[in-house]
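Beneath this line is the structure, given in structure tokens, with notes to follow.
Numbering (this note's numbering), first residue to last: 1 to 334.
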């Protein structure tokens, strides 16, 4: 299924959009609070209630969250009419701890799995692992916090992991990495529900954080930074295709346009040729895997469809000025 912004399927819905903020034992609720604040700001900016947030859990009542905090769930997840559910992260310091909490939350995982198929599920940080466990990410692109990348790829093989991305939006789910992953989810929702100008106003008013600066060779290349339209579709297509299958003709055919039209549009938007733009996207995937995993270059190249490690190493150094191993030593987080 083609990826789309999470708000697309809300267009025909009556307002307000009903969002469940999910509480469960051990969850870290700070992101839920911040998400609720952003929805409130959006309502104020719009001048009416566009969003309605409700704290939910397996059962209504008190929930023991992280750090000794107890919060009141207003309603039970299975008994509440919701358009979307936001799943927060929980404190864990190893993949084993993640697996233990997911196992302990078997009833919650089942409830998420059995929920209405048209209900959107959004998760960030370690909360993504609960979505993966419930099967709602199977066959879908998703991302997860960097230090869990290898473990989640091994455990949930039906998920199309794209851990070089900060966030991934699909028709019925969305995932984001890190404890601040609620932010890109909220920003996408607000921008598509109101406008880019409204989001800019809210960002300025609430002094929202700016994203980290990547390696200079990859600045501005992330999917979320691309304008709406052709570049977003092209970017997603290049990320999904094996490197050796990427040609201007193949891309143009899949985008239902001529090679000349594609070259003209990409050139006008980026100042680059289609080949150079696609190469940068693919090498960005390599760079993120070097940073977030300890996989050898040969494995990374094979996963992304490069013909040989030597060709990959040559292209990577030509773009970044660093060999893949030097890049890993400088930027590695594992």
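C-beta: ideal position from N, C-alpha, C; glycine also.
Source: prediction; values computed, not measured.
query: Could you pull out every unbroken alpha helix (DSSP H) segment of at least 4 residues lying fully inside the segment 65-130, listed in chain order?; result: 95-104, 106-114
query: Should residue 324 go down as buried or exposed, given a rule of 16 or more other Cβ atoms within 10 Å for buried?; result: buried
query: Using the three-state DSSP reduction, which class does residue 160 fall into: helix, strand or coil?; result: strand
query: Comparing C-alpha positions only, which one of 319, 287, 172 sits nearest to residue 331?; result: 287
query: For residue 96, I'd like the list of residues in its chain whose CB is within less than 8 angstroms of its CB, leaving aside the five on either flank, ordered along the chain.; result: none
query: Kindly indicate which three-state DSSP category residue 325 falls into: helix, strand or coil?; result: helix
query: Do you know how far the Cα of residue 37 is from the Cα of residue 44?; result: 11 angstroms
query: What residues in its chain sit with their C-beta under 7 angstroms from that of residue 206, if we drop five residues either side in the sequence?; result: 41
query: Please list, in chain order, all residues of the same chain as residue 132 whose beta carbon is under 6 angstroms from its beta carbon, the five residues on each side excluded.; result: 156, 159
query: Roughly how many angstroms separate the alpha carbons of residue 282 and residue 87, rounded to a whole number?; result: 30 angstroms
query: Name the residue from 75, 62, 66, 58 whose alpha carbon lies nearest to the alpha carbon of residue 106.; result: 58
query: Excluding five sequence neighbours on each side, which residues of the same chain lie with their C-beta closer than 8 angstroms to the C-beta of residue 348?; result: Any answer about residue 348 is impossible in this case: the structure gives the chain only from 1 up to 334.
query: Mapping DSSP to helix, strand and coil, what is residue 61?; result: strand
query: Would residue 285 be called buried (16 or more neighbouring beta carbons within 10 Å of its own) or exposed?; result: buried
query: Write down the C-beta distance between residue 102 and residue 80 rounded to the nearest angstrom, noting that I regard them as a contact closer than 8 angstroms.; result: At roughly 23 angstroms, the Cβ-Cβ gap does not stay under 8 angstroms, so residue 102 and residue 80 are not in contact.
query: Enumerate in chain order the residues of its own chain whose CB-to-CB distance from residue 46 is below 7 angstroms, with the five nearest sequence positions on each side excluded.; result: 194
query: Let me know if residue 83 comes out buried or exposed under the rule of 16 or more other beta-carbons within 10 Å of its beta-carbon.; result: buried
query: Got a sec? Which residues, its chain only, sit under 8 angstroms from residue 266 by beta carbon, not counting five neighbours each side?; result: 230, 231, 234, 272, 273, 274, 277
query: Starting from the C-beta of residue 52, find all residues in its chain whose C-beta is less than 6 angstroms away, skip the five residues before and the five after it, and write them out in chain order.; result: 16, 18
query: By alpha-carbon positions, which one of 313, 319, 85, 130 ends up nearest to residue 118?; result: 85
query: Please name the residue, chosen from 327, 251, 77, 29, that lies closest to residue 69 on a Cα-to-Cα basis.; result: 29
query: With a threshold of 16 other CB atoms inside 10 Å of the CB of residue 127, please say whether the residue is buried or exposed.; result: buried
query: Identify every run of the alpha helix (DSSP H) within the segment 166-198, keeping only runs that are complete inside it and at least 4 residues long; order them along the chain.; result: 182-193
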